[in-house]
């Protein structure tokens, strides 16, 4: 853990204490925070990710069924900054349409291209959809990301938290934001917790009632909040006019990510 993260947690503890928030819940808030990388346009640093345009695909790879979103240079991410068992190099390619839906497992939502793999520029045709607006992301932040207060309350107190518990989660979130725990401006997030205008996609992915037959085995063996991780979130922005404050999320089990089973990633698209 970085010195900056330790400093933020200590300032959060002090701020929470000044508001008379229970220390047990403060420590739980800290425990479930996850490191994240936030990427944005601007800056003069190295190219970390490319959003929109046409993807560079390996020869012979089947064309993904939905448009290309982004390519992330994994070697350009700060080492260990996501807390995820990602490859140390190569590129992670993300794909998504803009149809709002409940989501679920999608076999071609993410493609990993190992370093040194021959690729070629591959225009994708998806009916009326033009490629997303090309953008270069060269600005990088990395810091601990907290859960949304609604998600924290559900994980901490069950499906129907009392009003006082939900209010406490909101107060914890306010205290976290007041000591610099807010997210910076960003277009693409890797790791951390999701920011969702509707439903937490990590909660949705781990729900055994929503899982497909191949996924219910994990749920039956007690997988829960600590087994599912946000892989990435894309804020669609003004380039996607059919969505109002649209976001796309990619969610994965940690063990599947470690095994490079990107065909088991779940994808969710929603808007405010």
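Residue numbers (full-length UniProt numbering): 1 to 272.
Even for Gly, the Cβ is constructed at its ideal location relative to N, Cα and C.
Relative to residue 84, the option among 134, 231 and 271 whose CA is nearest is 231. Counting C-beta pairs with one atom in each stretch, the segment 68–78 and the segment 150–164 have fewer than three that are closer than 8 Å, which means they do not touch. Between residue 39 and residue 48 a beta carbon distance of about 6 Å is seen, short of the 8 Å cut, so the two are scored as contacting. Between residue 93 and residue 71, the CB-CB gap stays under 9 Å. Shortest Cα-Cα distance from residue 61 to any of 257, 144, 256 and 110 involves 110. As DSSP reads the structure, residue 190 sits in a beta bridge with 37 and 232. Of the candidates 55, 118, 108 and 11, the residue whose Cα lies closest to the Cα of residue 262 is 108. The C-beta distance from residue 146 to residue 82 rounds to 15 Å, too long to meet the 8 Å contact threshold. Residues 98 and 246 of the same chain have their beta carbon placed closer than 6 Å to that of residue 240, with the five preceding and five following residues left out of the count. With contacts defined by Cβ atoms closer than 9 Å, residue 96 and residue 186 do not form a contacting pair. Ranking 105, 88 and 26 by CA distance to the CA of residue 269 puts 105 first. In the structure shown, residue 262 falls within a helical segment according to DSSP collapsed to helix, strand and coil. When C-alpha distances from residue 120 are compared across 63, 204 and 55, the shortest belongs to 55.
Annotation for residue 201: 194, 249, 251 and 268 place their beta carbon closer than 6 Å to its own, counting only its chain and skipping 5 residues before and after.
Under DSSP, residue 121 shares a beta bridge with 56. Per DSSP, the unbroken beta strand (DSSP E) holding residue 113 starts and ends at 110–113. In the structure shown, residue 73 falls within a strand segment according to DSSP collapsed to helix, strand and coil.
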